[in-house]
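Student: Below is a structure I'd like to ask you about.
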Amino acid sequence: MRHLISLDDLDAHDIAGLLSTADHMAEVLGRPQPKVPALRTKTVCSLFFEDSTRTRLSFETAAKRLSAETLTFTASSSSVNKGESLRDTVETLAAMGVDVFVVRHKTAGLPLSMTNWCDARVVNAGDGAHQHPTQGLLDAFTLSRALGRGNDLSGVRVAIVGDIRHSRVARSTLRALHVLGASITLVAPASLLPAAFVGADSVPDGWPVGVSHSLDEVIGEIDVLYLLRMQRERMDNAFISSPGEYSAHFGLTDGRLSRMRKGSVLMHPGPMNHGIEVAVDLDSLADHGVANLITQQVTNGIAVRMSVLFTLFGAGSEAIDGQ
Amino acid sequence: MRHLISLDDLDAHDIAGLLSTADHMAEVLGRPQPKVPALRTKTVCSLFFEDSTRTRLSFETAAKRLSAETLTFTASSSSVNKGESLRDTVETLAAMGVDVFVVRHKTAGLPLSMTNWCDARVVNAGDGAHQHPTQGLLDAFTLSRALGRGNDLSGVRVAIVGDIRHSRVARSTLRALHVLGASITLVAPASLLPAAFVGADSVPDGWPVGVSHSLDEVIGEIDVLYLLRMQRERMDNAFISSPGEYSAHFGLTDGRLSRMRKGSVLMHPGPMNHGIEVAVDLDSLADHGVANLITQQVTNGIAVRMSVLFTLFGAGSEAIDGQ
Amino acid sequence: MRHLISLDDLDAHDIAGLLSTADHMAEVLGRPQPKVPALRTKTVCSLFFEDSTRTRLSFETAAKRLSAETLTFTASSSSVNKGESLRDTVETLAAMGVDVFVVRHKTAGLPLSMTNWCDARVVNAGDGAHQHPTQGLLDAFTLSRALGRGNDLSGVRVAIVGDIRHSRVARSTLRALHVLGASITLVAPASLLPAAFVGADSVPDGWPVGVSHSLDEVIGEIDVLYLLRMQRERMDNAFISSPGEYSAHFGLTDGRLSRMRKGSVLMHPGPMNHGIEVAVDLDSLADHGVANLITQQVTNGIAVRMSVLFTLFGAGSEAIDGQ
Numbered sequence: 089m090r091h092l093i094s095l096d097d098l099d100a101h102d103i104a105g106l107l108s109t110a111d112h113m114a115e116v117l118g119r120p121q122p123k124v125p126a127l128r129t130k131t132v133c134s135l136f137f138e139d140s141t142r143t144r145l146s147f148e149t150a151a152k153r154l155s156a157e158t159l160t161f162t163a164s165s166s167s168v169n170k171g172e173s174l175r176d177t178v179e180t181l182a183a184m185g186v187d188v189f190v191v192r193h194k195t196a197g198l199p200l201s202m203t204n205w206c207d208a209r210v211v212n213a214g215d216g217a218h219q220h221p222t223q224g225l226l227d228a229f230t231l232s233r234a235l236g237r238g239n240d241l242s243g244v245r246v247a248i249v250g251d252i253r254h255s256r257v258a259r260s261t262l263r264a265l266h267v268l269g270a271s272i273t274l275v276a277p278a279s280l281l282p283a284a285f286v287g288a289d290s291v292p293d294g295w296p297v298g299v300s301h302s303l304d305e306v307i308g309e310i311d312v313l314y315l316l317r318m319q320r321e322r323m324d325n326a327f328i329s330s331p332g333e334y335s336a337h338f339g340l341t342d343g344r345l346s347r348m349r350k351g352s353v354l355m356h357p358g359p360m361n362h363g364i365e366v367a368v369d370l371d372s373l374a375d376h377g378v379a380n381l382i383t384q385q386v387t388n389g390i391a392v393r394m395s396v397l398f399t400l401f402g403a404g405s406e407a408i409d410g411q
Numbered sequence: 089m090r091h092l093i094s095l096d097d098l099d100a101h102d103i104a105g106l107l108s109t110a111d112h113m114a115e116v117l118g119r120p121q122p123k124v125p126a127l128r129t130k131t132v133c134s135l136f137f138e139d140s141t142r143t144r145l146s147f148e149t150a151a152k153r154l155s156a157e158t159l160t161f162t163a164s165s166s167s168v169n170k171g172e173s174l175r176d177t178v179e180t181l182a183a184m185g186v187d188v189f190v191v192r193h194k195t196a197g198l199p200l201s202m203t204n205w206c207d208a209r210v211v212n213a214g215d216g217a218h219q220h221p222t223q224g225l226l227d228a229f230t231l232s233r234a235l236g237r238g239n240d241l242s243g244v245r246v247a248i249v250g251d252i253r254h255s256r257v258a259r260s261t262l263r264a265l266h267v268l269g270a271s272i273t274l275v276a277p278a279s280l281l282p283a284a285f286v287g288a289d290s291v292p293d294g295w296p297v298g299v300s301h302s303l304d305e306v307i308g309e310i311d312v313l314y315l316l317r318m319q320r321e322r323m324d325n326a327f328i329s330s331p332g333e334y335s336a337h338f339g340l341t342d343g344r345l346s347r348m349r350k351g352s353v354l355m356h357p358g359p360m361n362h363g364i365e366v367a368v369d370l371d372s373l374a375d376h377g378v379a380n381l382i383t384q385q386v387t388n389g390i391a392v393r394m395s396v397l398f399t400l401f402g403a404g405s406e407a408i409d410g411q
Numbered sequence: 089m090r091h092l093i094s095l096d097d098l099d100a101h102d103i104a105g106l107l108s109t110a111d112h113m114a115e116v117l118g119r120p121q122p123k124v125p126a127l128r129t130k131t132v133c134s135l136f137f138e139d140s141t142r143t144r145l146s147f148e149t150a151a152k153r154l155s156a157e158t159l160t161f162t163a164s165s166s167s168v169n170k171g172e173s174l175r176d177t178v179e180t181l182a183a184m185g186v187d188v189f190v191v192r193h194k195t196a197g198l199p200l201s202m203t204n205w206c207d208a209r210v211v212n213a214g215d216g217a218h219q220h221p222t223q224g225l226l227d228a229f230t231l232s233r234a235l236g237r238g239n240d241l242s243g244v245r246v247a248i249v250g251d252i253r254h255s256r257v258a259r260s261t262l263r264a265l266h267v268l269g270a271s272i273t274l275v276a277p278a279s280l281l282p283a284a285f286v287g288a289d290s291v292p293d294g295w296p297v298g299v300s301h302s303l304d305e306v307i308g309e310i311d312v313l314y315l316l317r318m319q320r321e322r323m324d325n326a327f328i329s330s331p332g333e334y335s336a337h338f339g340l341t342d343g344r345l346s347r348m349r350k351g352s353v354l355m356h357p358g359p360m361n362h363g364i365e366v367a368v369d370l371d372s373l374a375d376h377g378v379a380n381l382i383t384q385q386v387t388n389g390i391a392v393r394m395s396v397l398f399t400l401f402g403a404g405s406e407a408i409d410g411q
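Here it is, written out as structure tokens:
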């Protein structure tokens, strides 16, 4: 693996390999000194043109745990606004010795373009509504480890709920869970389904999913409730008139929680809108036998990103065995 | 000590212990390689919701000298403005493996709340007008070492001058110096004394201080002149009509400098308003036998913050003996 | 060398020494582990009051490759805007243990002033229209190594083209190339030549250069075409009415490229305005036997800045031989 642009580029074997390496990394993170020298000769540069401190710090922490040098380049700190082209910026940073770019940009396809601009490796940390592959991997890792399923999710029933249309998380997570065998239902109003679904009589080609417009219909039949973040800035569109209405139709309410299966789990990519997609007290999940995996998703993000950075350089696993 | 929220939580023994550990740290800082491996397994995250580069860099330098990993999270770089709750931010960072948060926030009590949100340690780096405990410790350390007094300041007469009401520095420094035995007089117009003093006939309970409204009355009788920073943004209040008027009543002027005792010292938490609270040429202090401890306060801030971070983890002092 | 403020302070021997040390550093950067412990006891603080992420990251990467601790202080992250004086900031950071300041500021002469404010070393990373000495050094290094000329550029004909008047790059690069023996022609409209040239009948004293107002006149006779960045914000002045007009007179166009000598080279300090000073496809340079050194300039910036930081501390060269 030279770059990580989209989970569509990876098959089940590739994804299982990354998750297995993440197991090693999780073991490293449990050591008294949670650090290995694997990438001590490498420089990892975060190139974030959209604000996301949590994702950036997760990648940078992962890089540091592998002993890589880290550089941070954010749009606000840069001269990009002053007319320097993005390509010049990338070429300049590569010429300074960057080995891996971790890039987030609002333009779908930008990370892929970058692979043609320089010899550095590129990891997509979110491009427009396209992909956020490490999110998909960390979700697959978190879910499969929580269920004790190894790298096989066959038969696991997942509902991904919310604004599928604008969500790169939905695309990447769906891909990762599907490839490992999970059965996925998208739950959203028609207006928040991807454009390919509009006016279609059946599920479009390339979407290995079921579709429902009613969370109530599926809530009692699933093993995994994956709630997407509702973007408030999209609330003014006609399809959802208010946060309250969204919550009433697609949020996790006390009523819905009481109908969830014992042993089922809740996931969310964060940051959460309390009172909108999550309208229950999270502490009450345990009373219903529902596990909250949200914190584990964050924690596992470090191990999974370590696995990705490590795998880019094709290093043998012996390199993570000692400090 | 699991957290450092307020110096009110510490007694004389605790404070003396922190200052003695700071002596060790100062010795480390004087070595050719000013670094020890004591916290190399720990991650320290600065969480600054108020701008204070000097305090943040002081803590981060202290953490690096102890070989800790450092993460920086500032309000401007974060998604906090976009509706992510502070608690979610803290939980997320803790889930990524943060061991200590160093937090500054305008809300008094926020650092204490954080101790309930996650398992990480919390160091208060300034919360509203409440406390700034490491400032109190570094002031006590600087003063006692400059006077050659060990951890005993009994009999030392200190005037803390200026906007006591809004100053967390005043509260923390007063506490630290008082606990070590110093006699403290607050010098301020009535309107800049804490609310408890308003309309009171005598000094309120819990304030082990004398009070004066006249710097001229006390200037010749003190060993330590501690000037607070006058916040220009509070100048439009009725009590102080202009910087010039403030300086005339409560600033260090040439006239007052000439009345200071030989062997007395000047302290200030920085950054200083030249021409307001300090209206003399600082180079002229030496001519009057007055020592300027301001630079030592900054320098000692590193050693004292190393001591605090080190003490949080209860490590044995042998851990700072070698690289 | 205690500070690096201006190349006017250095003679040919000094500059040659820095370039030879940069050769060692370039060798270090080619190692599997591109890092030496030379400055592991030092703290390097970037103090940038003008936005320049590329220069800042180049210096910080150089410092990290020498194992120095790095601190970043940028105007936007600081309290400088709130009335803290620059001198107080510098004194405060120095008191925290900074060994070297790398400073960029719009005021010519500020880095020199800083040398009087504290004991730390100072490296000028660009002050107003005055100097940008490491740019001059990296240009001299890149050119002499590309031409295989060692530290001797005698007989090499260089045209520096564009806004000489406002360019600190022009001043520093001119100095470095001239000292090593190159023959330099400034090419600019009269209004973009330095003030000393205005109304002068001949080249003013202290400017060891030829002057031309026509790039077409010199383009076929030079070994080095050094294009300066045209600042768009100066475009509204009378002398250059539009980017198109600038490009027509002083840009590298296809017509001019076809007249360049085989074996000649193109240089630019970056970031480039495509379509203005560079109005050709850079990939077409090779077809005309013209080498594009722009990426090498960026890459060599790391080695040259390592050389400067290393030389400030007068360390013996053995310190860079091993990890």
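Protein chains in written order, with the working numbering: chain R, 89 to 411; chain D, 89 to 411; chain X, 89 to 411. Note that the Cβ used here is the ideal one computed from N, Cα and C, for glycine as well. No experiment lies behind these values; they were computed from the predicted model shown.
1) Scan the segment 189-217 of chain R for residues whose Cβ lies nearer than 9 Å to a Cβ of chain X and list them as they occur along the chain.
2) State whether the segment 214-224 of chain R contacts the segment 387-400 of chain X, with contact taken as three or more CB pairs (one from each stretch) at a distance under 8 Å.
3) Please indicate yes or no: does the CB of T160 of chain R lie closer than 8 Å to some heavy atom of the ligand GTP?
4) Flag V396 of chain X as yes if its beta-carbon sits less than 9 Å from any beta-carbon of chain D, otherwise no.
5) Identify which residue in R:L154, R:R175, R:A126 has its Cα closest to the Cα of N204 of chain R.
6) Between the segment 359-373 of chain R and chain D, which residues of the former have CB atoms less than 9 Å from a CB of the latter, in chain order?
7) Can you list the residues of chain R that P122 of chain X reaches, using a CB-CB cut of under 8 Å?
8) What distance in whole Å lies between the Cβ atoms of N380 of chain R and T230 of chain R, which are believed to be in contact at a cut-off of 8 Å?
9) Taking DSSP as the reference, what is the three-state secondary structure of H362 of chain R?
10) Which residues bound the alpha helix (DSSP H) around V312 of chain R?
11) The alpha helix (DSSP H) with R175 of chain R in it runs from where to where?
12) Return the CA-CA distance between G214 of chain D and K194 of chain D, expressed in angstroms with no decimal places.
13) Check H101 of chain D in the structure and name its three-state DSSP category.
14) If distances are taken between C-alpha atoms only, which option among R:V116, R:L154, R:A183 comes closest to G358 of chain X?
15) Out of curiosity, what's the CA-to-CA distance linking V210 of chain X and G105 of chain R?
16) Can you give me the C-alpha to C-alpha distance between L154 of chain R and L95 of chain X, rounded to a whole angstrom?
17) Beta carbons nearer than 8 Å to chain X: which residues of the segment 129-157 of chain D have them?
18) Quick check: the segment 277-290 of chain D against the segment 248-267 of chain D, are there 3 or more CB pairs under 8 Å?
19) Where does V299 of chain X fall in DSSP's three states?
20) Determine the closest residue to R237 of chain D out of D:L265, D:G224, D:A258, with distance taken between C-alpha atoms.
21) Give me the Cα-Cα distance between I93 of chain R and A208 of chain R, rounded to the nearest whole angstrom.
22) Could you tell me which chain X residues have their CB closer than 7 Å to the CB of T180 of chain R, listed as they occur along the chain?
23) Pop quiz: V366 of chain R and L345 of chain R are said to be a contact at Cβ under 8 Å. What is the actual Cβ separation, rounded to whole angstroms?
24) One question on the structure: do T131 of chain R and T180 of chain X come within less than 9 Å of each other, judged by their Cβ atoms?
25) Less than 7 Å between C-beta atoms, sequence neighbours within five positions excluded: which residues of the same chain meet that for P292 of chain R?
26) Within 10 Å of its beta-carbon, does G243 of chain R have 16 or more other beta-carbons around it, so buried, or fewer, so exposed?
27) Within the continuous alpha helix (DSSP H) that includes S148 of chain D, where are the two ends?
28) So for E138 of chain D, helix, strand or coil by DSSP?
29) So for N169 of chain D, helix, strand or coil by DSSP?
30) Any idea if P120 of chain R is buried or exposed, counting beta-carbon neighbours within 10 angstroms, 16 or more meaning buried?
31) In the structure shown, what three-state DSSP assignment does S271 of chain R receive?
32) Please name the residue, chosen from R:T261, R:S290, R:E333, R:Q319, that lies closest to V312 of chain R on a Cα-to-Cα basis.
33) H362 of chain R and S173 of chain D look like a contact to me (Cβ under 8 Å); what is the Cβ gap, rounded to whole Å?
34) Distance check for Q384 of chain D and T383 of chain R, CA to CA, integer angstroms please.
35) Which same chain residues end up closer than 7 Å to A196 of chain R when comparing Cβ atoms and leaving out the 5 residues on each side of it in sequence?
36) Of all the CB atoms in chain D, is at least one closer than 9 Å to the CB of G389 of chain R?
Tutor: On the basis of the supplied data:
1) none
2) no
3) Among the components modelled here there is no ligand, and therefore nothing to report on the ligand GTP.
4) no
5) R:R175
6) P359, M360, N361, H362
7) T129, G185
8) About 11 Å separates the two Cβ atoms, so there is no contact after all.
9) strand
10) No alpha helix (DSSP H) holds V312 of chain R; the beta strand (DSSP E) holding it covers 312-315.
11) 174-183
12) 8 Å
13) helix
14) R:A183
15) 50 Å
16) 40 Å
17) D139, S140, T141, R142, L145, S146, E148, T149, K152
18) yes
19) strand
20) D:L265
21) 13 Å
22) R142, G358, V386
23) That belief does not hold up - the Cβ atoms of V366 of chain R and L345 of chain R are roughly 10 Å apart, past 8 Å.
24) no
25) A284, F285
26) exposed
27) For clarity, residue 148 of chain D is Glu in the given sequence; the question names Ser instead. From DSSP, the alpha helix (DSSP H) with E148 of chain D extends over 141-153.
28) coil
29) Because the pLDDT of N169 of chain D is 47, which lies under 50, any placement of that residue in the model is unreliable, and the number read from its coordinates should be weighed accordingly. Of the three classes helix, strand and coil, the one that applies to N169 of chain D here is helix, per DSSP.
30) exposed
31) strand
32) R:T261
33) 7 Å
34) 43 Å
35) D215, G216, A217, H218
36) yes
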